[in-house]
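Undergrad:
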Amino acid sequence: MTRPIWVLATLGVFIVLGTAAGVAFGPTNIGFQRLMTAFFSTGDQTAEIVVWSLRLPRVVAAIIVGACLGLAGALLQISTRNPLGDPQLFGLGGGAAIVQALVLAGVVRTGPWGLVTLSVVGSLIGAGIIASFASREDVGPARLALIGVSVGALALAVATGFLTYAHVFTQQSLALLGGSMANRNWQDIFPALPFLALGVAIAVVVAGRLNVLVLGDRIASSLGANPSRTRLTATASAGILAGTAVGIAGVVGFVGLLVPHVTRSIIGNDARALVAISIPMGAALVLVADQAARLVLMPSEVPVGLVTTALGAPLMIYVARRVL
Amino acid sequence: MIVQFENASFHHGTTPVLRAVSTSIETGQFTCLLGPNGAGKTTLIRLITGEIGLTEGHLSLLAGTDPISLTDIHQHVAVVPQNVQDPPYITVRELIELGRFSPRKGLGWRLSSEDHEIVDAALESCDMTQLADRPFTKISGGQKQRAWLGFCLAQQKDMVILDESLQGVDYFSKQFFFGLLKDIAAQDKAVVLITHDLDLAARFADNVLVLKDGVLVYDGPPTDDLPSLLIGDRAA
Amino acid sequence: MFHRLIVVPSLLVALLFVLAACSSEDDEAPAAQQPAPTQIAPAPFPVTVTDMLGRQVEISQKPERIVSISPTATEMLYRVRGVAIARDSSSKFPPETESLPTVGGAYTPSVEAIVGHQPDLILIEALTQGHMLPMLEPAGAQIIAVRATSVDDVAQALELLGTILNQPIEAEEAAQEIQARVNNAASALSSTGSVLILISDADRNLYAAKPESYPGAVATALNMTNVAAGLADSGPFPGFTLFSAEQAIASNPDFIFAISPAPEPAPRLSAVLPRVPGFTDLAAVKEGKLKEIDPGLFLQAPGPRIADAAEQMSGLIQETQ
Chain X
1 MTRPIWVLAT LGVFIVLGTA AGVAFGPTNI GFQRLMTAFF STGDQTAEIV VWSLRLPRVV
61 AAIIVGACLG LAGALLQIST RNPLGDPQLF GLGGGAAIVQ ALVLAGVVRT GPWGLVTLSV
121 VGSLIGAGII ASFASREDVG PARLALIGVS VGALALAVAT GFLTYAHVFT QQSLALLGGS
181 MANRNWQDIF PALPFLALGV AIAVVVAGRL NVLVLGDRIA SSLGANPSRT RLTATASAGI
241 LAGTAVGIAG VVGFVGLLVP HVTRSIIGND ARALVAISIP MGAALVLVAD QAARLVLMPS
301 EVPVGLVTTA LGAPLMIYVA RRVL
Chain U
1001 MIVQFENASF HHGTTPVLRA VSTSIETGQF TCLLGPNGAG KTTLIRLITG EIGLTEGHLS
1061 LLAGTDPISL TDIHQHVAVV PQNVQDPPYI TVRELIELGR FSPRKGLGWR LSSEDHEIVD
1121 AALESCDMTQ LADRPFTKIS GGQKQRAWLG FCLAQQKDMV ILDESLQGVD YFSKQFFFGL
1181 LKDIAAQDKA VVLITHDLDL AARFADNVLV LKDGVLVYDG PPTDDLPSLL IGDRAA
Chain H
2001 MFHRLIVVPS LLVALLFVLA ACSSEDDEAP AAQQPAPTQI APAPFPVTVT DMLGRQVEIS
2061 QKPERIVSIS PTATEMLYRV RGVAIARDSS SKFPPETESL PTVGGAYTPS VEAIVGHQPD
2121 LILIEALTQG HMLPMLEPAG AQIIAVRATS VDDVAQALEL LGTILNQPIE AEEAAQEIQA
2181 RVNNAASALS STGSVLILIS DADRNLYAAK PESYPGAVAT ALNMTNVAAG LADSGPFPGF
2241 TLFSAEQAIA SNPDFIFAIS PAPEPAPRLS AVLPRVPGFT DLAAVKEGKL KEIDPGLFLQ
2301 APGPRIADAA EQMSGLIQET Q
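Here's what the structure looks like:
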């Protein structure tokens, strides 16, 4: 197993490269000099707007979304002992998607703070459903995954229904259902920060107690742990993080599923390391995916969820064959 | 440590599951708990671990002469229940290391050198040192059983309870396992095994308990009459 | 006889010279009268206008760098003799806009590309692009929304742009010309009647344009009644509603207009419709009052060419009268 410090360093490199790509490339060609001017001084107003108001917020959004999804996936997989744990597959993202659809449809009117908060609330409802089933002994991993997938599918159907009913234009619907970070401003991102911090804080608090959950609830209890409370806490954190991610970028699939498996294959089985490394791993993945999403068919955009699935699915198959 | 049942009864709703059971289980003994399915064996175990409470009668657990309260039971009893699922991903060693877990240690939990010694000793005791770094899911049934035993040993508790965990294990591995349990009991632990294997129980157990329909029909050293006790008519 | 050949043209030429002299005298006259004793019109800038999303926008000076991201807005702009420096990729009319650089699609404009042109004014369409306002803010330009759901809308939008560009005369002329052409198209009809405007989607569902839609607005301008009036929206297109053969039979429209957005060689709806069960026996179909209308005019760019659309529809009705 690779030592965490090397993994962090590698991920750091990816994040720096992704940020550089995010800032340097785009529909408007800004040369290196103008880029530096935009960073270090004022004067070139166009370059400044492009870099600070358009490209940089998007980079930060991608990092936040990736961190949220990677961590949420790790928390779900560990606390439910389920290799299919993923915020979208387990229906957490679905609750938030319904909220987003209502806002897009004009049924609910709110600003960025309301949007992220309501998304988190919607996601926590989905998390509650999964948590209530996960603690029952007669629900094994496959059944739990089925329940989650059903809840998620139902939620997405409801969300799509709202969008259709309100004749929301295709482009906006695609952005919600396929995931997109196009045109994210700083105002869209600020509300996410406290929720991300809250989710990470809860995860840190609960991480030390996650390792024993792998033994099953009865044996974990016999060691003196309180597995259902630990699971509830971890799922709540996953709910907050998933809601935040959907609130910013819509439904970005596969990240929460893939990141914990890749992390585990590199860093081993300690839940604390998994929780810690899933954060930058998710951030790097979504950042790189978003660069692909916006640069491949420039100036058109591919939904970022499409890229994460296209990257994630083959990688998931490879990991599954080697590890599971 | 001593576990003492006096006239213990347990009712599930209105159905009696255990009726007036009186027995004691002590350290230094390898006890086999036998009986048909539904006889109440698992219920008896759950009463010891504190998962359920008696309907009637008296149960006391003593460490030496000090009584053990309900909340502290888990500090004295290591249990591997029935039908336990294989833990995914982790290796045998990592499983046994989890036996050293204590909720108080929390986030900064690290294995001390003493913990490492205990883990190594547990691996030795159940003959799993060779397979220590193999993923749990990739070992045989008998090896998994020994790994769980190692997990219990690493907890260093007075009592180890294993519930019917030997389905589909070949005879030689089972035999080896029974031998291990007897040796461990001799090292001043109370070892309880729920099993259907009369033959091995007769050969290795220090004490045998037979439950039929919630009634304790036999409590003593192994005898040749065990088969007839189990196969005969249901107790009145 | 010979005299007339010389005299008449000579007189005409002389007349022309006299007229030219008179008019040039008129031109020079104001110059001789300067300075004007009072200012008749107030200074044109700064001016606060209300755009068609109801927003109050202050224009501090005449916009010189205009980016239009909707075909509707582009046509409106050029109709009042404005010019743009960049357009969305769907804007193709008038022809001089084709050479302009593009900044993405009308549904997916690239804010970055827009910013790269350093605009001082961005023109959008109110209904389809209203939600893009927050996204366009970083460009730092004023944003004006126009709309063309009726002839009145078109007139209002032209006036709005005329004020913004300080070209009120051009705007007034354009609005009046359009109104006049529409009125003529309406009065050229010897009688009014009921109209059904149909479009079909890829799954062969038929949708009728309600009066709230752009094609519906054209029909309303011609004083035709719309058999789809009062129905609820259904289906993905705002202003359109799913329409069944039964409804067609029940409403028995006098005229049916078909729009086929798919380019050739896709079949024209007006050719397909007579074979659809229920439509075959409609009076309008049997009497040859089922006509094809141009999707470019009726769907793709609501705007000043509403006059052309009205004339096309009126012409088609007149053919049958």
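Residue numbers (the working numbering), protein chains in the order written: chain X, 1 to 324; chain U, 1001 to 1236; chain H, 2001 to 2321. Cβ atoms here follow ideal geometry from the backbone N, Cα and C, with glycine treated the same way.
Return helix, strand or coil for Phe1051(U), following the three-state DSSP convention.
TA: As a working mapping, residue 1051(U) is identified with position 51 in the second sequence. For the sequence presented, residue 1051(U) should be read as Glu rather than Phe. Note: Glu1051(U) maps to coil in three-state DSSP.
Undergrad: Indicate whether at least one CB of chain U lies closer than 9 Å to the CB of Ile266(X).
TA: Looking up residue 266(X) in the first sequence gives position 266. No, Ile266(X) does not count as interfacial toward chain U.
Undergrad: Assuming Asn2166(H) contacts Pro2044(H) under a Cβ cut-off of 8 Å, what Cβ separation, rounded to an integer in Å, is found between them?
TA: Indexing the third sequence from 1 puts residue 2166(H) at position 166. Indexing the third sequence from 1 puts residue 2044(H) at position 44. That belief holds up - the Cβ atoms of Asn2166(H) and Pro2044(H) are roughly 4 Å apart, short of 8 Å.
Undergrad: Tell me the DSSP secondary structure of Tyr2207(H) in three-state form.
TA: Locating residue 2207(H) in the third sequence gives position 207, counting from the first residue. Tyr2207(H): strand per DSSP, three-state reduction.
Undergrad: For Gly26(X), decide whether its Cβ has a neighbour in chain H, counting only Cβ atoms nearer than 9 Å.
TA: Taking the first sequence and counting its residues from 1, one reaches residue 26(X) at position 26. Yes, contact with chain H.
Undergrad: Among Ile267(X), Gly114(X), Val255(X) and Ala320(X), which has the Cα closest to the Cα of Val307(X)?
TA: One-based indexing of the first sequence puts residue 307(X) at position 307. The shortest Cα separation from Val307(X) among Ile267(X), Gly114(X), Val255(X) and Ala320(X) belongs to Val255(X).
Undergrad: Does the segment 2072 to 2092 of chain H come close enough to the segment 2051 to 2062 of chain H to have 3 or more Cβ pairs within less than 8 Å?
TA: No, they do not touch.
Undergrad: Please report how far the alpha carbon of Trp327(X) lies from the alpha carbon of Arg2065(H), in whole angstroms.
TA: There is simply no residue 327(X) to check, as chain X begins at 1 and stops at 324 in what is shown.
Undergrad: With Pro2094(H) as the anchor, note down where its alpha helix (DSSP H) starts and where it stops.
TA: Here residue 2094(H) refers to the residue found at position 94 when the third sequence is read from its first residue. Where Pro2094(H) is concerned, there is no enclosing alpha helix (DSSP H), given that its DSSP letter is neither H nor E.
Undergrad: Return the chain-ordered list of same chain residues with a C-beta closer than 8 Å to the C-beta of Val50(X), the five sequence neighbours on each side being excluded.
TA: Position 50 of the first sequence, counted from the start, is the residue given in the question as residue 50(X). Gly26, Thr28, Ile30 and Ala38.
Undergrad: Whose C-beta lies closer than 7 Å to the C-beta of Ala127(X) among residues of the same chain, with five residues either side of it excluded?
TA: In the first sequence, the residue the question calls residue 127(X) occupies position 127. Within the same chain, Ala127(X) has close Cβ partners Leu92, Thr235, Ala236, Ala238 and Gly239.
Undergrad: Mind reading off the beta-carbon distance from Leu196(X) to Leu258(X)? Whole number of angstroms is fine, and I expect it under 8 Å.
TA: One-based indexing of the first sequence puts residue 196(X) at position 196. One-based indexing of the first sequence puts residue 258(X) at position 258. The pair is not a contact, with the Cβ atoms about 20 Å apart (cut-off 8 Å).
Undergrad: Please go through the segment 2099 to 2181 of chain H and give each complete alpha helix (DSSP H) segment of 4 or more residues, from N-terminal end onward.
TA: Runs of the alpha helix (DSSP H) inside the segment 2099 to 2181 of chain H: 2111 to 2116, 2126 to 2129, 2133 to 2136 and 2151 to 2164.
Undergrad: Quick one: residues in its chain with C-beta nearer than 8 Å to the C-beta of Thr1049(U), no 5 flanking neighbours on either side, listed in chain order?
TA: What you label residue 1049(U) is simply residue 49 of the second sequence in a count that begins at 1. Only Ile1073, His1074, Val1077, Val1079 and Ile1161 meet the Cβ criterion.
Undergrad: I'd like the span of the beta strand (DSSP E) that includes Cys1032(U), first residue to last.
TA: Looking up residue 1032(U) in the second sequence gives position 32. Element bounds for Cys1032(U): Phe1030 to Leu1034.
Undergrad: What do you get for Ala2129(H), buried or exposed, if any count of 16 or more other CB atoms within 10 angstroms of its CB means buried?
TA: Within the third sequence, residue 2129(H) is the residue found at index 129, counting from 1. According to the sequence provided, residue 2129(H) is Gln. The question's Ala does not apply to it. By the neighbour-count rule (16 or more Cβ atoms within 10 Å), Gln2129(H) is buried.
Undergrad: What separation, rounded to the nearest whole angstrom, lies between the Cα atoms of Glu1051(U) and Thr80(X)?
TA: Your numbering for residue 1051(U) matches position 51 in the second sequence. Your numbering for residue 80(X) matches position 80 in the first sequence. Near 22 Å, if we compare the C-alpha coordinates of Thr80(X) and Glu1051(U).
Undergrad: Check distances from the C-beta atoms of the segment 2099 to 2115 of chain H to those of chain X and list, in chain order, the residues that come in under 7 Å.
TA: Listed by position, the residues of the segment 2099 to 2115 of chain H near chain X (Cβ gap below 7 Å) are Gly2104, Tyr2107, Thr2108, Ser2110, Val2111, Glu2112, Ala2113 and Val2115.
Undergrad: Assuming His1076(U) is part of the alpha helix (DSSP H), what are its boundary residues?
TA: Numbered from its first residue, the second sequence carries residue 1076(U) at position 76. Taken as a continuous stretch (DSSP letters only), His1076(U) belongs to no alpha helix (DSSP H), as it is neither H nor E.
Undergrad: Out of Leu2269(H), Val2111(H) and Leu2231(H), which has the shortest C-alpha to C-alpha gap to Gly2216(H)?
TA: The residue you call residue 2216(H) lines up with position 216 of the third sequence. Per the Cα distances, Leu2231(H).
Undergrad: On the three-pair Cβ rule with 8 Å, is the segment 270 to 277 of chain X touching the segment 204 to 211 of chain X?
TA: Touching, yes.
Undergrad: Considering only residues of the segment 1154 to 1207 of chain U, which uninterrupted beta strand (DSSP E) runs meet the minimum length of 3 residues and lie entirely inside it, listed in chain order?
TA: The segment 1154 to 1207 of chain U contains these whole beta strand (DSSP E) runs: 1159 to 1163 and 1190 to 1194.
Undergrad: Taking 8 Å as the cut-off, does the segment 271 to 290 of chain X touch the segment 216 to 233 of chain X (at least 3 CB pairs, one atom from each stretch)?
TA: They do not touch, by the three-pair rule.
Undergrad: Buried or exposed: which applies to Asn1007(U), given that a residue is buried once 16 or more other Cβ atoms fall within 10 Å of its Cβ?
TA: One-based indexing of the second sequence puts residue 1007(U) at position 7. Result: exposed.
Undergrad: Is DSSP giving Gly331(X) helix, strand or coil here?
TA: In this structure chain X extends from 1 to 324, so residue 331(X) is not present and cannot be described.
Undergrad: I'd like to know whether the C-beta atoms of Ala1190(U) and Gly1150(U) end up nearer to each other than 9 Å.
TA: Walking along the second sequence from the start, residue 1190(U) turns up at place 190. Walking along the second sequence from the start, residue 1150(U) turns up at place 150. Against a cut-off of 9 Å, the Cβ pair of Gly1150(U) and Ala1190(U) comes out as no contact.
Undergrad: In terms of residues, what are the limits of the alpha helix (DSSP H) holding Ile2259(H)?
TA: Walking along the third sequence from the start, residue 2259(H) turns up at place 259. No alpha helix (DSSP H) contains Ile2259(H), which is instead part of the beta strand (DSSP E) from Phe2255 to Ile2259.
Undergrad: Just the Cα atoms here: how many angstroms apart are Ser1102(U) and Thr164(X)?
TA: Translated into the one-based positions of the second sequence, residue 1102(U) becomes position 102. Translated into the one-based positions of the first sequence, residue 164(X) becomes position 164. The alpha-carbon atoms of Ser1102(U) and Thr164(X) are separated by roughly 53 Å.
Undergrad: Whole angstroms is fine: what's the gap from Thr1015(U)'s alpha carbon to Val1169(U)'s?
TA: By one-based count along the second sequence, residue 1015(U) stands at place 15. By one-based count along the second sequence, residue 1169(U) stands at place 169. Approximately 34 Å between the Cα atoms of the pair.
Undergrad: For the alpha helix (DSSP H) that His1116(U) lies in, which residues bound it at each end?
TA: In the second sequence, counting from the first residue as 1, residue 1116(U) sits at position 116. Ser1113 to Ser1125 is the extent of the alpha helix (DSSP H) around His1116(U).
Undergrad: So, does the CB of Lys1138(U) fall closer than 9 Å to a CB anywhere in chain X?
TA: Residue mapping note: residue 1138(U) aligns to position 138 of the second sequence, counting from 1. By this cut-off, Lys1138(U) is not an interface position.
Undergrad: Return helix, strand or coil for Tyr1218(U), following the three-state DSSP convention.
TA: Start at 1 with the first residue of the second sequence, and residue 1218(U) comes out as number 218. In the structure shown, Tyr1218(U) sits in a strand (DSSP, three-state: E or B).
Undergrad: Alpha carbon to alpha carbon, how far is Val99(X) from Gly22(X)? Give it in angstroms, no decimals.
TA: Position 22 of the first sequence, counting from 1, holds the residue named residue 22(X). Position 99 of the first sequence, counting from 1, holds the residue named residue 99(X). One C-alpha to the other measures close to 29 Å.
Undergrad: Indicate the three-state DSSP secondary structure (helix, strand or coil) for Glu2246(H) in the structure shown.
TA: As a position in the third sequence, residue 2246(H) is number 246, starting the count at 1. Of the three classes helix, strand and coil, the one that applies to Glu2246(H) here is helix, per DSSP.
Undergrad: Can you list, in chain order, the residues of its chain with a C-beta nearer than 6 Å to that of Ala2219(H)? Leave out the 5 residues immediately preceding and following it.
TA: Reading the third sequence from its first residue, position 219 is the one you call residue 2219(H). So the qualifying residues of the chain are Val2195 and Asn2226.
Undergrad: Would you say Pro1081(U) and Thr1137(U) are within 9 Å of each other, going by their C-beta atoms?
TA: Here the question's residue 1081(U) lines up with position 81 in the second sequence. Here the question's residue 1137(U) lines up with position 137 in the second sequence. No, Cβ-Cβ distance for Pro1081(U) and Thr1137(U) is not below 9 Å.
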